[in-house]
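Q: Please see the structure below; I have some questions.
Numbering (my numbering), first residue to last: 112 to 418.
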């Protein structure tokens, strides 16, 4: 039985991870009282006693916790270490050797929810030579309000906001560096996220046209590329091109993967234009589910345990 310490277990992601791990028969949780969670010595002792720690903290607090231990294996769910050269990016499906790198790592950085969809959409197309890595990419995305943490959850649940609203209009969203680095693009994408009036669920959308591709644009070729790249990946579901049967009254519902660790990949379009869409649960594969999946890999447990 492995001992797991969740630092920040009362936050949105921490609570989701805790819920999954209470049903996991391979681990037990080290828990601190409210007073102890703010005590550096108590936290240091919990880190030393654990087989693995999962950090669900703001960036600076995550860096401080990492500095308390030199031996503990850590998964960091913050943005602090996602492009750090000494940390392994925790997206097992990203490349053929990424799963092994996670298994061997001391430090794993959990991916952002938006980048998970973005990278899975683009990386195979660049790796297979279908998409020019120099193209300028514009991506939009829609997330449930749980992605904004406790204050945003309270705002929406109080009925103070009901509209879909764009944000990140300074065009320096904290997820952009990992989106660029791990997708294989040679320049930062323009990224415009939105928050909607629903609790959880996510769509990541990328529009492209024929001149962005190195071959004649064919939506079937794109879905075939994904299908080949992600063959055997239990958490990735590739839809056939233009899957109108997945629409509800011509709408694609952002909540369609909620409660799962699944990412669905869609391509809609024709020989001149396509839109690529990833659908996932921002609290599942976009956060807590990914952390549990990475934990399982690092500890040599069945990868789907607790998921």
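Heads up, the beta-carbon is just placed ideally off N, CA and C, and yes, glycines get one too.
1. Residue 372 and residue 404: beta carbons closer than 8 Å?
2. Please report the distance separating the alpha-carbon of residue 318 from that of residue 248.
3. In the segment 312-371, which residue ranges form an unbroken beta strand (DSSP E) of at least 3 residues, counting only runs that do not cross its ends?
4. Tell me which same chain residues have a C-beta within less than 6 Å of the C-beta of residue 299, skipping the five on either side of it?
5. In the DSSP assignment, find the unbroken beta strand (DSSP E) run with residue 271 in it and report its ends.
6. Among 180, 219 and 181, whose alpha-carbon lies nearest the alpha-carbon of residue 199?
7. Sort out for me which residues DSSP pairs residue 252 with in a bridge.
8. Using DSSP with H/G/I as helix, E/B as strand and the rest coil, what is residue 201?
9. Below 8 Å between beta carbons: does that hold for residue 251 and residue 305?
10. Straight-line CA distance for residue 360 to residue 380?
11. Run the CB neighbour count on residue 193, radius 10 Å, all protein chains shown included, and call it buried at 16 or more, exposed below.
12. Apart from the five residues on each side of it in sequence, which residues of its chain come closer than 6 Å, Cβ to Cβ, to residue 277?
13. Hey, residue 138 and residue 165: beta-carbon distance below 8 Å or not?
14. Can you grab the Cα-Cα spacing for the pair residue 329 / residue 133, in whole Å?
15. Could you give the distance in angstroms between the alpha-carbon of residue 184 and the alpha-carbon of residue 142?
16. What residue range is occupied by the uninterrupted beta strand (DSSP E) comprising residue 118?
17. Look at the alpha carbon of residue 393 and the alpha carbon of residue 127, and state the distance between them as a whole number of angstroms.
18. Figure out for me which residue from 264, 334 and 118 has the closest Cα to the Cα of residue 239.
19. Three or more beta-carbon pairs under 8 Å between the segment 199-208 and the segment 221-235, yes or no?
20. Just to confirm my understanding: we take residue 173, look at its own chain, exclude 5 residues before and 5 after, and list those with CB closer than 7 Å. What are they?
21. How should residue 399 be labelled, buried or exposed, when 16 other C-beta atoms within 10 angstroms of its C-beta is the threshold for buried?
22. For residue 151, which residues from the same chain have a beta carbon less than 8 Å from its beta carbon, with the 5 sequence-adjacent residues on both sides left out?
23. Starting from the N-terminal side, write out each stretch of the beta strand (DSSP E) that is 3 residues or longer and does not extend beyond the segment 122-177.
24. Quick one: residues in its chain with C-beta nearer than 6 Å to the C-beta of residue 340, no 5 flanking neighbours on either side, listed in chain order?
25. Can you tell me where the alpha helix (DSSP H) with residue 218 in it begins and where it stops?
26. Does the Cβ of residue 171 have 16 or more other Cβ atoms within 10 Å, making it buried, or fewer, making it exposed?
A: In terms of the structure at hand:
1. yes
2. 8 Å
3. 313-320 and 347-349
4. 287 and 291
5. Note, residue 271: premise wrong, no beta strand (DSSP E); not H, not E.
6. 219
7. Bridge partners of residue 252: 304 and 315.
8. coil
9. yes
10. 18 Å
11. For residue 193, the number of other beta carbons within 10 angstroms of its own is at least 16, and it is reported as buried.
12. 303 and 305
13. Not in contact: residue 138 and residue 165 (Cβ atoms no closer than 8 Å).
14. If I take the Cα positions, the gap works out to 46 Å.
15. 17 Å
16. 113-118
17. One C-alpha to the other measures close to 11 Å.
18. 334
19. yes
20. 166, 187, 189 and 191
21. buried
22. 179
23. 138-141 and 163-166
24. 235
25. Here residue 218 belongs to no alpha helix (DSSP H); instead the beta strand (DSSP E) covers 218-220.
26. exposed
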